Structures are given as structure tokens and as C-alpha cells.
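Here's the structure, in C-alpha cells; my notes come after.
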Amino acid sequence: MTALLEVEDLRVAYGKIEAVKGVSFSVEAGEVVTLIGTNGAGKTTTLRTLSGLLKPVGGQIKFEGKSLRKIPAHKIVSLGLAHSPEGRHIFPRMSIEENLLLGAFLRKDSAGIAKDVQRSYDLFPILGERRKQAAGTLSGGEQQMLAMGRALMSQPKLLMLDEPSMGLSPIMMQKIMATIAELKAQGTTILLVEQNAQAALALADHGHVLEIGKIVLSGTGRDLLHDESVRKAYLGED
Ligand code: ATP
Numbered sequence: 001m002t003a004l005l006e007v008e009d010l011r012v013a014y015g016k017i018e019a020v021k022g023v024s025f026s027v028e029a030g031e032v033v034t035l036i037g038t039n040g041a042g043k044t045t046t047l048r049t050l051s052g053l054l055k056p057v058g059g060q061i062k063f064e065g066k067s068l069r070k071i072p073a074h075k076i077v078s079l080g081l082a083h084s085p086e087g088r089h090i091f092p093r094m095s096i097e098e099n100l101l102l103g104a105f106l107r108k109d110s111a112g113i114a115k116d117v118q119r120s121y122d123l124f125p126i127l128g129e130r131r132k133q134a135a136g137t138l139s140g141g142e143q144q145m146l147a148m149g150r151a152l153m154s155q156p157k158l159l160m161l162d163e164p165s166m167g168l169s170p171i172m173m174q175k176i177m178a179t180i181a182e183l184k185a186q187g188t189t190i191l192l193v194e195q196n197a198q199a200a201l202a203l204a205d206h207g208h209v210l211e212i213g214k215i216v217l218s219g220t221g222r223d224l225l226h227d228e229s230v231r232k233a234y235l236g237e238d
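When you line the sequence shown up against UniProt numbering, it's residues 1 to 238, in that order.
This is the structure we're talking about:
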């Protein structure tokens, strides 16, 4: 069976600095796969390359068996890859509903769009309650919900989430992680980048540990969660 996403020997550089140095992994339909690792490991660079925002210097990216290397970013969205970026990038002066609708900019099925706006409100009731308010009035965690809702509005086959727990309170983080688990239960395929290794591995089917541009360890979420070196390096244990 072909994986939904196959990344092979991916290399990405900023000028002379190679940030991703031959990374390979795959994501099967219906799975949650996580990339964990400290600051600067190359996680964001990998996601931005999959989205077409950065061009690789080497390697292959295949989505449903087709190479993405020569495809521009907007076309990649229409193929079914959605990216909820680090730092959220919502539009603060636009309303919550307008922000969600932006995520559907490639769609023309207004009934389907309305249904998916409602789906975001079902997932995140606070967004529905405040739908007409400027998105900039939301808390950090609520903005994260909006960024996820907006990414889902393109009906992605693969949802890529970059550090959804960043800067959130423990309670808000738990809410976001619970929503990711709910999306998985609904059949959404997710590639999750996280510095919070514990939370990410607890819900991932597979995980990969990235260190300075390379995958140093791979396994099921459960195996990595119990791996001694992961526990020492990423879960703060002695
Ligand atoms: P973080 O959690 O801090 O985002 P990360 O694992 O996502 O970490 P990247 O942001 O992908 O890591 O960074 C990988 C490497 O590339 C780092 O050494 C970083 O300094 C470098 N880098 C990232 N963006 C740029 C850029 N625009 N120009 C030059 N170097 C960059």
C-alpha cells in the first residue's frame, strides 16, 4: 500500500546552512505521526517544505504517490495538504468567521463550507459563541483553535500542525490535544510537530525524533514514550 505522504532523504538549506539533512518518513492515511525535537532541530523547516513554502535542495516528497517537488504552495493546498503554522498567523482584525472562511478560499460548495464552519464551532464552541468578534480578541489558545479550524476548512487529506501547544497554559494545552485526538477519531490524518514530546507521543501512532536536521530515532508513539533516551532528553527525566 502506498502511504499518503512519503518523504525520502529530504534536504533543505538556508543558503549554505543545511537545516534538514536527509530526512525520511511516511504518513499512512488515518494516522497521527509526530516529529519531536528541540528548538532548531528542523521540524518547522520540514513542514514548510512539505507545504511548498520552501524548496528542497534534495530528496523526494510524494503525496498520494505524486511528487510535490515542482508544485507551488497554493496548488499543494488544493491537493489536500493543510498547514496550521507555528505562531498561528490568524488575521486579528477580521472576525472569527471570516478567518475560518479564508481557509475555504479554494472551495465553491457554499453548503459544504457552511457545514464545515459549523463543524469548527462544534469542535470549538468558543469560536461559535464569538463568531462575529475580531479574531485578535481571542486568547492564545483560542487563536490556536481558530488556526486549526481554518486549516480544516480546506477539507485536507493531511492536516499539518506546527507546535499547537506552544505558549499555552496546561489546561488549554490539554484541550488542544484532546481535539487532536477527536480529529483522529473522526479519521483525520495528522502530521504533528511538537516540542511537548509527552503530549505528542501519547496520541501519535508513530513518532520521529529530530536532532539537528536528522531523524535519530523512530518508533510507535508508545515505544518512544517509554524509550529511556527519549525520556532523558525530552521528558526531563534523570
Ligand atoms: P523551533 O521549534 O524553534 O521552530 P524547529 O525544529 O522547527 O525549531 P527550524 O525552525 O526548522 O527548527 O530550524 C532549523 C534550523 O534552521 C535552525 O538551525 C534555524 O536556526 C535554521 N533556520 C530556520 N529558519 C531560518 C532562516 N529563515 N534562515 C536561516 N536559518 C534558518
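Here a beta-carbon is modelled for each residue, glycine too, at the ideal position from N, C-alpha and C.
Small disclaimer: the values here were computed from a predicted structure and weren't measured.
| Asked | Found |
| --- | --- |
| beta-carbon valine 23 near ligand 1 non-hydrogen atom, thresh 8 Å | no |
| Straight-line gap, lysine 21 to alanine 111 (C-alpha atoms, nearest Å) | 44 Å |
| Alanine 104 - DSSP class collapsed to helix/strand/coil | coil |
| For leucine 100, the nearest candidate out of Ala19, Glu6, Ser169 and Ala147 (CA to CA) | Ala147 |
| Straight-line Cα distance separating serine 78 from glutamine 186 | 21 Å |
| heavy atom of ligand 1 below 8 Å from valine 33 C-beta | no |
| Within 9 Å, strictly: CB atoms of alanine 41 and alanine 3 | no |
| Short Cβ contact (9 Å threshold) for valine 230 with threonine 46 | no |
| Other residues of its chain near aspartate 9: CB distance less than 6 Å, five sequence neighbours each side excluded | Gly22, Ser24 and Gly59 |
| Chain-order list of residues whose beta-carbon lies under 7 Å from that of residue 243 (same chain, five-residue window excluded) | For residue 243 there is no data in the structure shown, the boundaries of the chain being 1 and 238. |
| DSSP-derived helix/strand/coil call for arginine 48 | helix |
| Any heavy atom of ligand 1 nearer than 5 Å to the CB - residues listed | Tyr14, Ala19, Asn39, Gly40, Ala41, Gly42, Lys43, Thr44 and Thr45 |
| Alpha-carbon spacing of valine 57 relative to proline 72, whole angstroms | 15 Å |
| Simplified DSSP assignment, three categories, for serine 78 | helix |
| Stretch-stretch touch, CB-based, cutoff 8 Å, three pairs: the region 154-163 with the region 120-127 | no |
| Residue(s) in a DSSP beta bridge with threonine 34 | Leu192 and Gly207 |
| Residue(s) in a DSSP beta bridge with glutamine 60 | Glu8 |
| Top-ranked residue by Cα proximity to arginine 222, from Gln195, Ala200 and Ser169 | Ala200 |
| Beta-carbon spacing of serine 218, aspartate 162 below 9 Å | no |
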